[in-house]
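> Residue numbers (our numbering): 303 to 617.
Positions of the beta carbon are idealized from the N, C-alpha and C atoms, including for glycine.
1) By a C-beta neighbour count over all protein chains shown, 10 Å radius and 16 as the cutoff for buried, is residue 361 buried or exposed?
2) Going by DSSP in three states, residue 509 sits in which element: helix, strand or coil?
3) Reducing DSSP to helix, strand and coil, say where residue 404 ends up.
4) For residue 342, is the classification buried or exposed, using 16 other Cβ atoms within 10 angstroms of its Cβ as the cut-off for buried?
5) So what's residue 482 in DSSP terms, helix, strand or just coil?
6) Which residues in the same chain have their Cβ closer than 7 Å to the Cβ of residue 331, if we skip the five residues on either side of it in sequence?
7) Given this structure, state the Cα-to-Cα distance separating residue 566 from residue 589, to the nearest angstrom.
8) Measure the beta-carbon distance from residue 446 to residue 366 and round it to whole angstroms, keeping in mind my assumption that it falls under 8 Å.
9) Ignore the nearest five residues each way along the sequence and tell me which others in residue 368's own chain have a CB closer than 7 Å to its CB.
10) Name the DSSP bridge partner or partners of residue 476?
11) How close, in whole Å, do the beta carbons of residue 454 and residue 383 come, if the pair is a contact with beta carbons under 8 Å?
12) Using 8 Å as the cut-off, can you tell me whether the stretch 342-356 makes contact with the stretch 376-392, which would need three or more C-beta pairs spanning the two stretches below that distance?
13) So, residue 444 versus residue 516, is the Cβ gap smaller than 7 Å?
14) Within its chain, find whatever has a CB closer than 6 Å to the CB of residue 390; leave out the 5 residues flanking it on each side and keep chain order.
15) Taking the alpha carbon of residue 470 as the reference point, which residue from 542, 529, 357 has its own alpha carbon closest?
16) For residue 518, which option in 504, 374, 439 has the closest C-alpha, if you only look at C-alpha atoms?
17) With distances taken between CB atoms, is the gap from residue 501 to residue 466 smaller than 7 Å?
18) Identify every residue that forms a DSSP beta bridge with residue 416.
19) In angstroms with no decimal places, state the Cα-to-Cα distance between residue 377 and residue 359.
20) CB-CB under 6 Å to residue 461, same chain, minus the five flanking residues each way: which ones, in chain order?
21) If you follow the alpha helix (DSSP H) that residue 389 is part of, which residue opens it and which one closes it?
22) Thinking just about the alpha-carbon of each residue, which of 491, 475, 490, 492 is nearest to the one in residue 484?
23) Who are the near neighbours of residue 486 in its chain, counting only those whose CB is closer than 6 Å to its CB and skipping five residues on each side?
24) Compute the Euclidean distance between the alpha carbons of residue 459 and residue 428, then round it to the nearest angstrom.
25) Count the other C-beta atoms from every protein chain shown that fall within 10 angstroms of the C-beta of residue 538, then say buried if there are 16 or more, exposed otherwise.
26) Return helix, strand or coil for residue 559, following the three-state DSSP convention.
27) Under the assumption that residue 433 contacts residue 526 (Cβ atoms under 8 Å), give the Cβ distance between them as a whole number of angstroms.
28) When you compare the CB positions of residue 456 and residue 346, do they come within less than 7 Å of one another, or not?
Shown next as structure tokens:
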């Protein structure tokens, strides 16, 4: 059976993919930025004097003593103080640069903003969204452990995105302080190093260094224990769903044996049996349907090319 015979390539699915290319869904990063800006504006315009909305959603001091405020580990990452525009500005700009890939480019049409390499494309929309949410929660818990003060802002999640970008694109040149060109891995070390120095030098600083370090630690853990091992939050959720909702057993279909069926172990460079080869191909095509070609790893793209050559040779 060729690739074109599989369910992923049926006409309805192809039509849906073509429509999604013409009308791509809004970026997850852009949606996160819109939510942050909307909450910031709502708080400032509706409650300019007492910051009611911010205080409702921020992470209070000694949050572990407030059993009803545990939700603030998440919500605090989406609110910013109305009185400090620089806080939300730098967080959202950093998220757009590294999560969305917003960059300054030049060409025949002059200098302008372009979309470059970014974490959202590399992880896929669904996985990137979960990565960001869990990074905010992890950084909030880290801050609560090491600091007795209230906490708010997206900087823990943004730091996780920046560090993840450094892992994914370590040799990409970026402008430190918008002036000095450095490899991305150098910028990653600088950011983490400055937060370490800040946390040790001034424990009472208004800057949530421990939250930033929590976000950076989350990115490190994710990269080594999930990404490099080809695991994901999306895949974990799918496995849980299978356990909760077991798949119905289908009656075996009649099969007509043909001479070609005797050759069930078609040679391939991965030294996989036919069943193992098919199973891995199905898993990669599942990911392709959710994250697109840009979300696949280099090995996964090479496997698809090998599968294409394999099935063409059978025709």
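Let me lay it out:
1) buried
2) coil
3) strand
4) buried
5) strand
6) 397, 398, 401, 402, 422
7) Below a pLDDT of 50, predicted positions are generally treated as unreliable, and residue 566, at 47, falls in that range; the measurement from the model is reported next regardless. In a straight line, the C-alpha of residue 566 is about 26 Å away from that of residue 589.
8) 6 Å
9) 362
10) 484
11) 7 Å
12) yes
13) yes
14) 342, 382
15) 529
16) 439
17) no
18) 405
19) 5 Å
20) 514, 517, 518
21) 387-397
22) 475
23) 468, 471, 472, 474, 476
24) 16 Å
25) exposed
26) Bear in mind that the predicted position of residue 559 carries a pLDDT of just 48, short of 50, making it too unreliable to give a figure here.
27) That belief does not hold up - the Cβ atoms of residue 433 and residue 526 are roughly 14 Å apart, past 8 Å.
28) no
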